[in-house]
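Protein chains in written order, with UniProt numbering: chain A, 1 to 421; chain B, 1 to 421.
The structure under discussion appears below in the form of structure tokens.
Number of protein chains: 2
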Amino acid sequence: MTDMVQARQLIDALGAAAREAAVVLAQTPAGPKRMALLSAADAITARTPDILAANARDLDFAREKGLSNAMLDRLRLDGTRIAAIAQGLREVAEQDDPVGQVIAEWDRPTGLHIRRVRTPIGVIGVIYESRPNVTADAGALALKSGNAVILRGGSESLHSSSAIHACMVEGLRAAGLPETAIQMVPTRDRAAVSAMLGAQGLIDVIIPRGGKGLVGLVQDQARVPVFAHLEGICHIYADAAADLEKARRVVLNAKTRRTGVCGSAECLLIDRAFRDRHGDVLIRDLLEAGVEVRADGDLARIPGTVPAKPDDFGREFLDMIIAAKLVDGVEEAIAHIRRHGSQHTESILTEDDATAERFFAGLDSAILMRNASTQFADGGEFGMGAEIGIATGKMHARGPVGAEQLTSFKYLVTGDGTIRA
Amino acid sequence: MTDMVQARQLIDALGAAAREAAVVLAQTPAGPKRMALLSAADAITARTPDILAANARDLDFAREKGLSNAMLDRLRLDGTRIAAIAQGLREVAEQDDPVGQVIAEWDRPTGLHIRRVRTPIGVIGVIYESRPNVTADAGALALKSGNAVILRGGSESLHSSSAIHACMVEGLRAAGLPETAIQMVPTRDRAAVSAMLGAQGLIDVIIPRGGKGLVGLVQDQARVPVFAHLEGICHIYADAAADLEKARRVVLNAKTRRTGVCGSAECLLIDRAFRDRHGDVLIRDLLEAGVEVRADGDLARIPGTVPAKPDDFGREFLDMIIAAKLVDGVEEAIAHIRRHGSQHTESILTEDDATAERFFAGLDSAILMRNASTQFADGGEFGMGAEIGIATGKMHARGPVGAEQLTSFKYLVTGDGTIRA
Chain A
1 MTDMVQARQL
11 IDALGAAARE
21 AAVVLAQTPA
31 GPKRMALLSA
41 ADAITARTPD
51 ILAANARDLD
61 FAREKGLSNA
71 MLDRLRLDGT
81 RIAAIAQGLR
91 EVAEQDDPVG
101 QVIAEWDRPT
111 GLHIRRVRTP
121 IGVIGVIYES
131 RPNVTADAGA
141 LALKSGNAVI
151 LRGGSESLHS
161 SSAIHACMVE
171 GLRAAGLPET
181 AIQMVPTRDR
191 AAVSAMLGAQ
201 GLIDVIIPRG
211 GKGLVGLVQD
221 QARVPVFAHL
231 EGICHIYADA
241 AADLEKARRV
251 VLNAKTRRTG
261 VCGSAECLLI
271 DRAFRDRHGD
281 VLIRDLLEAG
291 VEVRADGDLA
301 RIPGTVPAKP
311 DDFGREFLDM
321 IIAAKLVDGV
331 EEAIAHIRRH
341 GSQHTESILT
351 EDDATAERFF
361 AGLDSAILMR
371 NASTQFADGG
381 EFGMGAEIGI
391 ATGKMHARGP
401 VGAEQLTSFK
411 YLVTGDGTIR
421 A
Chain B
1 MTDMVQARQL
11 IDALGAAARE
21 AAVVLAQTPA
31 GPKRMALLSA
41 ADAITARTPD
51 ILAANARDLD
61 FAREKGLSNA
71 MLDRLRLDGT
81 RIAAIAQGLR
91 EVAEQDDPVG
101 QVIAEWDRPT
111 GLHIRRVRTP
121 IGVIGVIYES
131 RPNVTADAGA
141 LALKSGNAVI
151 LRGGSESLHS
161 SSAIHACMVE
171 GLRAAGLPET
181 AIQMVPTRDR
191 AAVSAMLGAQ
201 GLIDVIIPRG
211 GKGLVGLVQD
221 QARVPVFAHL
231 EGICHIYADA
241 AADLEKARRV
251 VLNAKTRRTG
261 VCGSAECLLI
271 DRAFRDRHGD
281 VLIRDLLEAG
291 VEVRADGDLA
301 RIPGTVPAKP
311 DDFGREFLDM
321 IIAAKLVDGV
331 EEAIAHIRRH
341 GSQHTESILT
351 EDDATAERFF
361 AGLDSAILMR
371 NASTQFADGG
381 EFGMGAEIGI
391 ATGKMHARGP
401 VGAEQLTSFK
411 YLVTGDGTIR
421 A
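So, in structure tokens, the structure goes:
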């Protein structure tokens, strides 16, 4: 357990420094934070060769370890990807600063004036896998929202992330902000992750970015709050009153635009009345687009489909595969989604307002849509700027997690010698 | 460990029933919830003799156990207190229903319209001590906000709480709502508390109501989120630019209006420049009102004061006692409060806007006040109607926790066949 003792000491030291930095950041106006982000973007551009060299070392290590091509692709950086990282920093820099925003204000009969004002949360811990760009994205959103951040990237991306982290620190230095505002765990030791998950009082919230394995581990073991979604098992329901052309367009986009994102549709529910009216056109569209359709009951008679097994419902394929099933109206669709969904994003296709309202009221996913693709489940598409992830919990942050969702609030109350009766 | 196994089975059964009730409640409009609360209030009034008889049994048991007079007083009900409980239910019934309220809405260039709408959290667990009225208050706020609730009262108030709970269930029944929406843990076994704290997936949030011992235990052991404050170590700072008469009025009220509440001031910080201008009038006022002033440094020379020990700072007296100290201006006041406070409520007395802004910016307590008594730290005084407690955490609910703070939200997104590029 020496590893664990050392890891705790390391995280205690990073956490204490982060907490001090957080006190400074919470009182830092928008200007220096913006400047730090712009300077970090410049540093990323200027140091592109260093970042590429560090990435080459990581790729060598990853190939030795026998990582899959998909993992290697996530890890790989090139000039275009590095330029996109710098551009992302510039976009966050130009967003509105959430800290100090007045969320609500009101007067009381006692003469008190009450304001509810956004404040940073404090110290954010981010645990991620192979994508080195998360180093910049998460660092930028944390800084924008006035939080200190401790970043723990995947062991395979350590050199790439360190090189990007050095640029973030250069940005902080240029703006006169504490360099400990954005810290990286400087070790491949996995005990550091456990130490972060138990760092109550030092880390205020943990955000895991990665596959189900990582997120599940964090949710199980964390003793600090977690903003995350375990899976995006998104449903799309074609109601009897759907417009056929809209339905065709949206279903195809929801499944095939990108299959590896959490907002990709994994299950198509078709109202029997829709099928009676329009036939099997939605299934045929998917088959023609190259999607494997795992069909239940009557739908399995459609040529080209594969019979669905029970565990194909409630499954996140993240691939050109979709489960499909007939239901009797919106109530059965709601019951199916309540049973098999992951409270991420679901969409109804209907022209009937009452049915849409019923779908919206009967479900409690973080995002519910009408006549729109589930692939819109994204902070950028919601107008929040960048996002650090999507959360499906009921507490605090839900849906896309951007800079605003990384804030808390305090009440500022003014009187005039006002006493309570 | 048989106790623990049985307790887990009990909480699993209550939790499963609560979760089913929560699905119904989340879709229940305002009307039936209001009717349930009004019917429960009528039941409380009608069954006053039963409640008094149950309370007499609890009081006998408590006297046998040798409970203190203060504890007996918290436990004791009489006609006036029971009438106040019924009145509290009627007030919550008439509040605005938070569920379904649109918190924000906006349009996107894609044509999507996005609404952020309040939803219930799900299942609330409330763990409280001897005050049987919490049964009604917590049950009412949970129901108003569309949540199911599992109540675990103090073992000494079991009969009183059960009698009040029966009235709440009568209200639910009258409104056609599931009786399992408000459940009480029907045992004095303490293992039930541990089982509640570990009931991830069944209970969404735990609210402890009681002393530091209970709250500390819950915060340490809970595996589900907790809305609470451990202590209310509230500070009041008299700045050089304070108005003397306002300062005298507010300091006295903040300490003496009620000493047993969490918003009572426990420490008075006086700017040296205030003392140079006005002398020791604030300390003399407190002494004359019968307050024991534990004074630090120069202040200890004032006749009638007691010299402060180091641990008198950062201490919640909940009594006619206050710690007092001279500081050099607002920065030293901020540093003292950051070190010794509990992030509950602090107040500055000043006519200088810049100094007040500095106090507001430099501290991160849930509630910061200017020229107003810390005793205003209360959901009713904030205009939130009843409160279930005050939270000092950074996540989700902060400050007074009323019906609105017991809600989460979801995004409702409407398009018109809208697909993502």
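Ideal placement from N, C-alpha and C gives every residue a C-beta, glycine not left out.
In angstroms, rounded to a whole number, what distance separates the CA positions of residue i and residue j?
i: G263(B); j: N147(A); result: 28 Å
i: G389(B); j: A142(B); result: 12 Å
i: M1(B); j: A191(B); result: For M1(B), the pLDDT reaches just 49, beneath the cut-off of 50, and the residue's location in the model is therefore unreliable, leaving the point undetermined.
i: A16(A); j: D353(B); result: 33 Å
i: E245(A); j: S194(B); result: 55 Å
i: L299(A); j: S347(A); result: 20 Å
i: D364(B); j: V23(A); result: 9 Å
i: I236(B); j: C267(B); result: 6 Å
i: F360(A); j: H336(A); result: 14 Å
i: A104(B); j: R115(B); result: 6 Å
i: F274(B); j: A241(B); result: 7 Å
i: residue 432(A); j: R34(B); result: Nothing in the structure corresponds to residue 432(A), since chain A is present only between 1 and 421.
i: T259(A); j: L230(A); result: 17 Å
i: A295(B); j: I283(B); result: 9 Å
i: L67(A); j: S130(A); result: 11 Å
i: A386(B); j: R90(B); result: 11 Å
i: D276(B); j: L326(B); result: 11 Å
i: P178(A); j: V169(A); result: 9 Å
Output, in chain order, the set of chain B residues within a Cβ distance shorter than 7 Å of residue i.
i: P225(A); result: P225, M395
i: S373(A); result: T418, I419, R420
Which residues in chain A sit within 8 Å of residue i, going by Cβ to Cβ distance?
i: Q27(B); result: A361, G362
i: G201(B); result: What G201(B) touches in chain A: nothing, since even the nearest Cβ is about 11 Å away.
i: G210(B); result: The premise fails here: G210(B) is roughly 21 Å from chain A at the closest Cβ pair, so nothing lies under 8 Å.
i: S408(B); result: K394, M395, R398
Does the CB of residue i have a neighbour CB from chain A at under 7 Å?
i: L269(B); result: no
i: I236(B); result: no
i: L143(B); result: no
i: T180(B); result: no
i: I283(B); result: no
List the residues of chain B whose Cβ lies closer than 9 Å to the Cβ of residue i, in chain order.
i: M320(A); result: Those within 9 Å of M320(A) in chain B number zero; the least Cβ separation is about 17 Å.
i: E381(A); result: R108, T110, L112, R420
i: G122(A); result: D364, K394
i: D97(A); result: None at all; the shortest Cβ gap to chain B is about 14 Å.
Assuming residue i contacts residue j (C-beta within less than 8 Å), just tell me the rounded distance between them.
i: G341(A); j: I233(A); result: 6 Å
i: I322(A); j: I206(A); result: At roughly 32 Å, the Cβ-Cβ gap does not stay under 8 Å, so I322(A) and I206(A) are not in contact.
i: L72(A); j: A62(A); result: 6 Å
i: A41(A); j: A175(A); result: That belief does not hold up - the Cβ atoms of A41(A) and A175(A) are roughly 12 Å apart, past 8 Å.
i: I150(A); j: V99(A); result: With a Cβ gap of about 19 Å, I150(A) and V99(A) do not count as contacting.
i: I302(B); j: D285(B); result: That belief does not hold up - the Cβ atoms of I302(B) and D285(B) are roughly 12 Å apart, past 8 Å.
i: A18(B); j: V123(B); result: 5 Å
i: S145(A); j: A403(A); result: 4 Å
Within 7 Å (strictly less), CB to CB, does residue i reach chain B?
i: R249(A); result: yes
i: L177(A); result: no
i: Y411(A); result: yes
i: R257(A); result: yes
i: L368(A); result: yes
i: F274(A); result: no
i: G399(A); result: yes
i: F376(A); result: yes
At 8 Å on the CB atoms, spell out the chain B contacts of residue i, in chain order.
i: D243(A); result: G417
i: K246(A); result: D416, G417
Given that residue i touches chain A, what residues does it touch there, using C-beta distances under 9 Å?
i: N147(B); result: The premise fails here: N147(B) is roughly 10 Å from chain A at the closest Cβ pair, so nothing lies under 9 Å.
Going along chain A, which residues have a C-beta under 7 Å from residue i?
i: T119(B); result: D364
**Request:** Please list the segments of the beta strand (DSSP E) lying wholly inside the stretch 73-117 of chain A, counting only runs of 3 or more residues, in order along the chain.
**Result:** 102-107
**Prompt:** Of all the beta strand (DSSP E) runs that stay within the bounds of the stretch 262-305 of chain A, which reach a length of 3 or more residues?
**Reply:** 265-271, 292-295
**Prompt:** Of all the alpha helix (DSSP H) runs that stay within the bounds of the stretch 333-416 of chain A, which reach a length of 4 or more residues?
**Reply:** 353-362
**Request:** Write down every uninterrupted run of the alpha helix (DSSP H) in the stretch 190-275 of chain A whose length is 4 residues or greater and which is fully enclosed by it, in chain order.
**Result:** 191-197, 212-221, 244-256
**Prompt:** At which residue ranges does the stretch 11-36 of chain A contain complete beta strand (DSSP E) runs of 3 or more residues, listed in the order of the chain?
**Reply:** none
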